[in-house]
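Residue numbering for the sequence shown is 425 to 879, as defined by this note's numbering.
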Amino acid sequence: MDLTENQKTFNLTPHDFGNDFAFGVSTAAYQIEGAYNTHDKSPSIWDHFSSKKRTIYNNQHGQIACDFYHTYKEDILLMKSMNIKNFRFSLSWSRIIPNGYGHVSIAGIDFYNRVINFCLEYGITPWITLYHWDLPQILQDKGGWTNRAILSWFENYVKVCATHFGDRVKNWMVLNEPMVFTGAGYFLGVHAPGSKGLKNFLPAIHHATLCQAAGGRVLRSMVVNANIGTTFSCSQITPFSNKPRDILAAKKADALLNRLFIEPILGMGYPMEHVPVLKRIQTYIKEEDLKNVLFDFDFIGVQNYTREVVKHNFFVPYLRAKIVKASSRRVKTSLMDWEIYPPSIYEMIKQFNQYKEVKRIIITENGAAFNDNLTHGEINDTERLNYLQSHLEQVYKAKKEGLNVEGYFVWTFTDNFEWAEGYRPRFGLVYTDFSTQNRIVKSSGKWYQDFLASN
Ligand code: GCO
């Protein structure tokens with residue numbers, strides 16, 4: 425493999441990041457497990473949403489995905505062979521409690537016990553995300569995240585998970601990217617459950633904010649020595665120009681995309697000054713909520729992929745701000761049309777370090793999708809290799825400046841179901857041949873393996 429310029433200059437080892445720095449990989453239940461109706465598992469909102477026509481690229485779905493439900497041992501052994509010591513995965517609520525808040529599935533608990541035990545047997549630390557977007561459809565039929573009852577449903581779900589797994593799992597994340605699952609799923613309608621408008625978005629925001637803290641409290645009360653976090657999607661927001669209205673538009677977008685869920689945790693409330701429409705959340709706020717949205721997380725998961733360039737646009741309701749697509753800016757992009765802009769991860773580490781109450785920051789997702797071509801049984805994914813190395817260099821820059829960052833998890837291990845885009849975007853360090861379920865370690869995966877072994 426010809427080394428690119430970037431590879432010739434990349435000379436970091438894990439040692440440079442400090443002994444307590446956690447390197448790993450991140451995945452999510454609906455994107456990898458398959459076994460969508462095995463035993464008594466009930467449909468999730470993604471099973472339901474992807475069963476409808478034209479919601480997912482080429483009408484694809486996660487009924488099989490990477491078949492991790494059946495291949496978990498092989499995949500974990502492959503991680504072991506790649507020197508990966510930290511594995512982030514999520515639990516499927518509808519596999520564990522099929523009716524959402526009652527009967528606990530023996531088969532569901534057994535599956536995750538087998539995954540956890542196999543990880544521990546091979547010296548891999550499990551990092552569990554409780555909610556990565558796959559709400560039981562049966563709860564969505566009762567309003568899902570727009571129904572305040574989700575607070576008790578979610579607390580019960582977390583208690584069940586803590587009861588069964590808390591003796592062996594110490595690293596937990598409560599929610600994955602609430603901005604995305606409320607925005608795409610309850611405002612734009614482009615993700616499950618496909619709801620739209622403020623009447624769904626605003627209650628979903630508040631109930632997710634309540635649940636991220638409530639989930640933390642349940643874990644704190646039930647799991648000894650728990651390391652409790654929650655995760656946020658975040659991108660550096662750059663104004664399109666120095667015009668005051670573009671600078672204001674960028675501030676509005678930053679408030680909505682980067683601050684909306686972290687600041688209530690810290691007692692700062694919702695960032696209404698730049699997004700006045702958020703004042704309408706008052707409708708859903710009860711007196712006790714003001715303290716119940718607070719929680720002292722042990723770490724915050726920062727999930728960064730790109731940056732956004734934003735300009736004023738009068739015609740965009742509520743925000744008057746619009747993202748300027750990367751493809752129209754003639755910049756390097758990934759297959760998702762996301763600009764490849766490594767300094768964004770540095771800027772986000774810096775921005776989240778400004779919240780003095782945040783104890784630790786872990787990059788719980790970073791990665792990129794490219795066209796991965798299988799050539800003579802190999803995938804020479806140089807673009808992904810350069811992406812990962814250049815982003816790690818930015819993380820190191822932050823670390824060297826004394827900023828708080830204590831981990832880096834690559835999104836993702838194997839190519840998997842990329843939500844509305846289906847299987848077209850491949851993010852994996854490992855290639856998934858979905859027709860055979862064979863795994864082929866890509867050049868980026870081989871590099872990560874060597875990097876993790878180097879010191
Ligand atoms: C997210 C999700 C992942 C995605 C990944 C690539 O951050 O949106 O956590 O499930 O697959 O980010 O888009």
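Backbone N, C-alpha and C fix where the C-beta goes; we use that ideal spot for every residue, glycine too.
At the C-beta level, TYR536 and LEU515 come within 7 Å of one another. With respect to the C-alpha of GLY590, the residue from LEU643, MET597, THR799 and PHE473 having the closest C-alpha is LEU643. One Cα belongs to ARG669, the other to VAL648, and the distance between them is close to 50 Å.
Contact between the stretch 497 to 505 and the stretch 593 to 604 is absent: fewer than 3 CB-CB pairs across the two stretches fall below 8 Å. For a cut-off of 8 Å, the C-beta gap from GLY725 to THR788 is around 3 Å, short enough to register as a contact. Contact annotation: the stretch 568 to 580 touches the stretch 631 to 639, with at least three C-beta pairs closer than 8 Å. In the DSSP assignment, ALA745 forms a beta bridge with HIS736.
When distances are taken from the beta-carbon of ALA452 to the heavy atoms of the ligand GCO, the shortest one is below 6 Å. Residue pairing by DSSP places GLU802 opposite THR799 in a beta bridge. In the DSSP assignment, SER468 falls outside any alpha helix (DSSP H) and carries neither an H nor an E. Here ASP678 is buried. Its C-beta has 16 or more other C-beta atoms within 10 Å. DSSP, reduced to helix, strand and coil, places TRP835 within a strand of the structure shown. Counting only runs that start and end inside the stretch 554 to 631, the beta strand (DSSP E) elements of at least 3 residues fall at 595 to 600. Of the residues SER768, VAL733 and PRO560, the one whose Cα lies closest to the Cα of ARG754 is VAL733. Listed in chain order, the alpha helix (DSSP H) runs fully inside the stretch 660 to 685 are 668 to 678, counting runs of at least 4 residues. When secondary structure is reduced to three states using DSSP, PRO550 falls in the strand class. Per the C-alpha coordinates, the member of LEU812, LYS676, LYS583 and GLN487 positioned closest to VAL699 is LYS676.
Spanning the alpha carbons of ASN804 and ILE480 requires a straight line of approximately 28 Å.
Each residue's CA atom was taken as its position, placing LYS823 and GLY547 some 26 Å apart. Pairing GLY526 with ASN716, the inter-Cα distance amounts to about 24 Å. In this structure, TRP835 has its beta carbon less than 6 Å from a heavy atom of the ligand GCO. The residues HIS527, VAL528, SER529, GLY532, PRO560, ASN580, TYR581 and VAL584, in chain order, have a CB closer than 8 Å to that of ILE521 in the same chain once the five nearest residues on each side in sequence are set aside. Contact between the stretch 613 to 624 and the stretch 653 to 671 is absent, with fewer than three C-beta pairs closer than 8 Å.
Proximity of the beta carbon of GLN484 to the ligand GCO is not indicated: no heavy atom of the ligand is located closer than 6 Å.
Inter-segment contact for the stretch 686 to 693 and the stretch 757 to 769 is absent: fewer than three beta-carbon pairs are separated by less than 8 Å.
At least one heavy atom of the ligand GCO lies closer than 6 Å to the C-beta of GLN727. A distance of 7 Å or more separates the beta carbons of GLY801 and PHE851. At the C-beta level, PHE738 and GLY653 stay beyond 7 Å of one another. The C-beta of GLY826 has fewer than 16 other C-beta atoms within 10 Å across all chains shown, which makes the residue exposed. For ALA531, the enclosing alpha helix (DSSP H) has its first and last residue at 530 to 545. The C-alpha of SER450 lies about 19 Å from the C-alpha of SER814. Within a 10 Å sphere around the beta-carbon of ARG731 sit 16 or more other beta-carbons, which makes this residue buried. Cβ neighbours of PHE664 within its own chain (closer than 6 Å, five residues either side excluded): ASP670, VAL733, LYS735 and VAL748.
In the DSSP annotation of this structure, the continuous segment of the alpha helix (DSSP H) that includes ASP874 starts and ends at 867 to 877. Listed as beta-bridge partners of TYR855 by DSSP are ILE864. Judged by DSSP secondary structure, ALA650 falls outside any alpha helix (DSSP H); it is assigned neither H nor E.
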